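Asks:
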Amino acid sequence: MQNHFTQEMDSLKTSLQQMVELVDGQVGMAIEALEKADVELCRVVKERDKQTDAYENLILAQCENLFALFQPVAIDLRTIITALKISAQLERCGDIAVNIVNRTRKTADRHDLVQESQVIDMAKQAQVMLKTAIAAFTEADNQKALQVMRQDDAVDGLNKSIFKFLVERMKASTDDIEPCAHLIVLTRQLERLADHATNIAEEVFFLTEARIVAHDQG
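Numbering-wise (the numbering used here), the sequence shown opens with residue 413 and increments by one.
Here it is, written out as structure tokens:
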């Protein structure tokens, strides 16, 4: 029975790691598409979203199976709960990647505005947060998790600055209203990406210390 349990746990960890790599790549491509105004890359990102959804469903089924057959406790129980929560966060990150490329396609002909607005800088900061959160989880590294949580305020501050810039551009030129509106929606998606990275980081503390952390940076 113990060998069977170990095999099932290893299978769950493998599925989660594969989902991590898929979503990390999907978000990376979405931000590259934004940076380069690459419409073809946008298509690739959207095609991968079905794989992300499939992994979330697989992980859910694996967790349900482990709960039903083995009644896990302690670190094993926390590992399974964390896998469920992180897979849900990753699925949402995949959805955000699709939303990013949807807006990228609508602003591709105004790449000058995209660059001037600092949206790309915000995207890269959010991407770093996600990568660090993923590393914190895979390495069970609380310090990296704390680093992510502390970065969230910087992204929020940049988001406010970009919003102010875009509103001023909309006031100054009617030609900029539509692309600026798309970029405002895009920055909201990037803010959500940073929030999901923070949520993943918080789960590291639950996994390693059985401690629930909710943006207290403690």
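Yeah, the Cβ is synthetic: ideal placement off N, Cα and C, and Gly gets one too.
Quantities reported herein were computed from a predicted structural model and do not represent experimental measurements.
Let me check understanding here. Comparing Cα to Cα, which of Gln530, Gln463, Phe482 lies closest to Gln419?
Replies: Phe482
Asks: Just verifying my parser: in three-state terms, what is the DSSP assignment at Ser423?
Replies: helix
Asks: Mind pulling the alpha helix (DSSP H) runs of 4 or more residues that sit fully within the region 502 to 564?
Replies: 523 to 528, 531 to 551
Asks: When you compare only the Cα positions, how much space is there between Phe634 and Arg522?
Replies: A question about residue 634 goes unanswered here, because the residues of the chain that appear run from 413 up to 630.
Asks: Glu590: buried (16+ other C-beta within 10 angstroms of its C-beta) or exposed?
Replies: The residue in question, Glu590, is exposed, as its Cβ has fewer than 16 Cβ neighbours within 10 Å.
Asks: Using the three-state DSSP reduction, which class does Asp588 fall into: helix, strand or coil?
Replies: helix
Asks: Note down the Cα distance separating Glu621 from Thr550, rounded to an integer number of angstroms.
Replies: 15 Å
Asks: Taking 8 Å as the limit between beta carbons, can you name the residues of its chain near His594, skipping five residues before and five after?
Replies: Arg515, Lys518, Thr519
Asks: Pick out the complete alpha helix (DSSP H) segments inside the region 423 to 495, 4 residues or longer, and give them in chain order.
Replies: 451 to 482
Asks: By alpha-carbon positions, which one of Ala545, Val432, Ala548 ends up nearest to Asp465?
Replies: Considering only Ala545, Val432, Ala548, the residue with the shortest C-alpha distance to Asp465 is Val432.
Asks: Are there 16 or more other CB atoms within 10 angstroms of the CB of Ser585, so buried, or fewer, so exposed?
Replies: Under this definition Ser585 is an exposed residue.
Asks: In angstroms with no decimal places, state the Cα-to-Cα distance between Ile498 and Asp422.
Replies: 16 Å
Asks: Measure from the C-beta of Glu603 to each C-beta in chain B and report whether the shortest distance is under 8 Å.
Replies: As a matter of chain content, chain B is missing from the structure shown, which is built from one protein chain.
Asks: So, Gln438 versus Arg460, is the Cβ gap smaller than 8 Å?
Replies: In contact: Gln438 and Arg460 (Cβ atoms closer than 8 Å).
Asks: Would you call Gly569 buried or exposed, if buried means 16 or more other Cβ atoms sit within 10 Å of its Cβ?
Replies: Exposed.
Asks: With Gln501 and Asn571 assumed to form a contact (beta carbons below 8 Å), what rounded beta-carbon distance in angstroms separates them?
Replies: Contact flag wrong, Cβ pair sits at about 19 Å.
Asks: Using the three-state DSSP reduction, which class does Ile624 fall into: helix, strand or coil?
Replies: The answer is coil: DSSP assigns Ile624 none of H, G, I, E or B.
Asks: Using the Cα positions of Ala548 and Leu542, report the straight-line distance between them to the nearest angstrom.
Replies: 10 Å
Asks: Which whole-angstrom value describes the C-beta separation of Thr426 and Leu619, a residue pair presumed to lie in contact below a C-beta threshold of 8 Å?
Replies: Contact doesn't hold; Cβ gap of about 17 Å is too wide.
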